[in-house]
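According to my numbering, the sequence shown holds residues -9 to 560 in order.
The C-beta atom is built at its ideal place from N, Cα and C for all residues, glycine as well.
Treat the numbers as computed from the prediction; the structure is a model and nothing was measured.
This report refers to the structure that appears directly beneath it.
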Amino acid sequence: MMSLMWQTQVNLSSVTEPSHTPVFKKDGSLHYIIQIALNVTEKVRAGDAFTQQVTINEEQAESNKILIRSNDKLNITQKELEATINQLELSQRRFQSLVREANIGIIVLMGPEMKVEIVNKTYGQLIGRTVEELLGLQLFDIIPEAESTFRPLLEDVRVNKETRNYFDTPYTVYNGDKKIEGYLNLVYQPYIEEDQHITGVIVVCQDVTEQVRSRTNLQSAYEQLRLAKDAAQLGFFDVDIVKGTLEWDGRCRELFGISHNDVVTYEKDFVTGLHPDDRERILAIIDDVYIKAVNNGIYDVDYRTVGAEDQQIRWIRAKGQAYFDAEDRPIRFIGSVIDITEQKLDEIRKNDFIGMVSHELKTPLTSLTAIIQVANLKMQKSDDAFIAGAMEKATVQVKRMSNMINGFLNVSRLESAKLSIDKQPFDMNELIKEMIHDTNLTVSGYRIDYEDCNPVLINADRDKIGSVITNLVSNAIKYSPKADQVEIKCHVKENQFQVSIRDYGMGLTEGDKDKVFERYFRVEGNNNKHIAGFGIGLYLSAEIIQRHHGKIWVESELGKGSTFFFSIPI
Ligand code: ADP
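Following this line, the structure appears as structure tokens:
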């Protein structure tokens, strides 16, 4: 365009059109230029008109280009508009499917008549209706029973144009005979048009029935626990073995004579708080609690504490459970403690009384035994058969009575930790034979079979092990009123000497099998009613065996008989 403009200003009187031709040397450098000039004035004049025409054409072309460009832009804008519309439709479809598939209930209610404009499946399910049953209808025509609760809430949002949140709102609706009750978390939002005019309410609701019920149950369980804890005056402890921390509640602190709320530690507060006479025993038990294989983490003990601040001695019953990780390493140990001081003192008094009575009874009984033995010797020669027999019977009865009294005395000694174990080496085989012989003196009509085992030297308390054998054999006879045979066997297995006493008597139920070794336990039932006993023989036997680091147990079948076993290390 600029070059055309310049050419139109040239003087047209003598316009020449020069031509320049370069001539080069052989080496390619410029040698000279041939210039030829021609008169082209006419040609230029004609060209001028042409140039003007060209200019117009150029301008038209330029306008055309602008037009094309605008058109292109228009096309692009059109395409963008279409894309935006598509996008909008997609978003709308997504929004609709979001609303439809959302697992929270959504409903849009229009106007004061609360006409359902939009509703999703979840909302329908909440009130037991399908989307089709709701769309386009007035909500409270469908669920009139919910109107009194929900209309005021909706009206409030419509009138005040403010979003409201309601939590754990109870609701009841009926779908035919089906009553739907539950709890909802609700968000009510005004549906505002562009002109700020409010046309409806958007309701978003979530069914929280399960959460509310679980929370209520939890709260009531917690409340019950709190009441039970208060009533029983229970204290709690919690040992985090991994972190090495100990937590005691107020009651637990009280039982250790602590009034502060500062951090407590296992060593400083628990170990130190234990009575010196109980400390070693309890710490050994806790060591075992932390070994899963020993007792599956179960803890159940009695011990004394010495109050840290008041020095008061209290008796405590503690029950707990240790928890283990996948590799059976202990991670946590929790439990409860209760004050049993009163109960323990009562028991101690009762026990002391039994001990004292037994002891007092024993003295005259010992004299009586001696007198009867002498009388028996003298009267054996008597011609009077009755008198000779009577003395023998009196000996048996006095021996029975003295066994009973010894039993009570031993229980009393056991309870006051005065039952001593006096170990001496002896031959177990000999002892068993001796006990069988003694038992045979007092019973008749029974056959006691014993397979003599090789002499085995055992280091144990001969008298006490003897009393265990006597007790098991006399029970085997006592609880087999219809049988006449008892079998005793013994054998050595893995450094343990094991004795078994088998009877064909009344046997035991599964439940009773575990309890027979408890103090004062006696099986209840018609069969046992007339059999005398105090439920202390097996308890004592178990304590004696335990003090020898042995084991005692029973295998039994009701109505078929029992086999009692005990084993002690050689
Ligand atoms: P006692 O015989 O004085 O009652 P024990 O402690 O020796 O006390 O026994 C406890 C209970 O175990 C008995 O009362 C009885 O019910 C039951 N029992 C013991 N031995 C046997 C047995 N061999 N067969 C059946 N039951 C037995």
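Determine the closest residue to residue i out of the options, with distance taken between C-alpha atoms.
i: D292; options: R304, E514, A308 and V279; result: A308
i: E137; options: G297, P160, T153 and E152; result: P160
i: S490; options: T499, C480 and E484; result: C480
i: V463; options: D451, R322 and I478; result: I478
i: N430; options: I411, Q475 and Q536; result: Q475
i: E350; options: V254, I395 and G501; result: I395
i: D504; options: D158, L528 and V202; result: L528
i: V232; options: A312, Q302 and V458; result: A312
i: C443; options: D417, I170 and Q536; result: D417
i: N485; options: I560, S457 and V202; result: I560
i: Q536; options: E500, F314, D502 and A450; result: A450
i: T460; options: K389, D131 and V364; result: K389
i: L245; options: F226, T255 and I321; result: F226
i: Q370; options: A384, L358 and S357; result: A384
i: K468; options: A365, D493 and D428; result: D493
i: A253; options: I46, F556, E237 and Q387; result: Sequence inspection shows Val at residue 253; the Ala mentioned does not correspond to that position. Nearest option by C-alpha distance: E237.
i: V544; options: P471, K472, E514 and N465; result: N465
Report buried or exposed for residue i, applying the criterion of at least 16 other Cβ atoms within 10 angstroms of its Cβ.
i: T112; result: buried
i: F554; result: buried
i: L530; result: buried
i: K408; result: exposed
i: I521; result: exposed
i: L367; result: exposed
i: V229; result: buried
i: M(-5); result: The pLDDT assigned to M(-5) is 39, lower than 50, so where the model puts this residue is not dependable; a value taken from the coordinates is nonetheless given after this. The residue is exposed, with fewer than 16 neighbouring Cβ atoms inside 10 Å.
i: R339; result: exposed
i: L176; result: buried
i: T206; result: exposed
i: F398; result: buried
i: N400; result: buried
i: Q(-3); result: With a pLDDT of 40 at Q(-3), under the threshold of 50, the modelled position of that residue is not reliable, and the figure given next carries that caveat. By the 10 Å Cβ count, Q(-3) comes out exposed.
i: R84; result: exposed
i: I542; result: buried
i: F260; result: buried
i: S3; result: Model confidence at S3 stands at a pLDDT of 47, short of 50, so the residue's coordinates are unreliable; what they give is reported in the following sentence. It is exposed - the Cβ of S3 has fewer than 16 other Cβ atoms within 10 Å.
i: S563; result: With the chain covering -9 to 560 only, the question about residue 563 has no answer from this structure.
At a threshold of 7 Å, does residue i count as lining the ligand ADP (C-beta to nearest heavy atom)?
i: K468; result: yes
i: I518; result: In the sequence under discussion, the amino acid at residue 518 is Asn, which differs from the Ile named in the question. Yes, Cβ of N518 sits closer than 7 Å to a heavy atom of the ligand ADP.
i: M496; result: yes
i: N400; result: no
i: L404; result: no
i: V513; result: yes
i: I526; result: yes
i: D439; result: no
i: N436; result: In the sequence as displayed, the identity of residue 436 is Tyr instead of Asn. The answer is no for Y436.
i: V506; result: yes
i: N461; result: yes
i: G523; result: yes
i: N465; result: yes
i: K552; result: Sequence check: residue 552 is Ser here, not Lys. For the ligand ADP, at least one heavy atom lies less than 7 Å from the Cβ of S552.
i: D493; result: yes
i: Y293; result: no
i: Y280; result: no
i: Y529; result: yes
Taking C-beta to C-beta, are residue i and residue j nearer than 8 Å?
i: D300; j: G240; result: no
i: E508; j: L404; result: no
i: G190; j: V89; result: no
i: V147; j: R141; result: no
i: F487; j: I422; result: no
i: I133; j: Q196; result: no
i: L498; j: L548; result: yes
i: R294; j: I303; result: yes
i: T162; j: E135; result: yes
i: V296; j: H250; result: no
i: S392; j: G345; result: no
i: M381; j: I361; result: no
i: I321; j: G310; result: no
i: I328; j: L224; result: yes
i: D589; j: Y178; result: Since the first residue of the chain shown is -9 and the last is 560, residue 589 is not available in this structure.
i: Y181; j: I170; result: no
i: F556; j: V482; result: no
i: V106; j: L143; result: no
Distance cutoff 8 Å, beta carbons only. Does residue i sit that close to anything in chain B?
i: A218; result: Protein chain content of the structure displayed is limited to a single chain, and chain B is not contained in it.
If we require 3 or more residues per run, which beta strand (DSSP E) segments fall completely within the region 416 to 474?
List check, beta strand (DSSP E) in window: 437 to 440 and 447 to 450.
3-residue-minimum beta strand (DSSP E) runs that sit fully inside the region 233 to 317, ordered along the chain
235 to 238, 288 to 296 and 303 to 314
Entirely within the region 51 to 129 and at least 4 residues each: give me those alpha helix (DSSP H) ranges in chain order.
111 to 116 and 121 to 124
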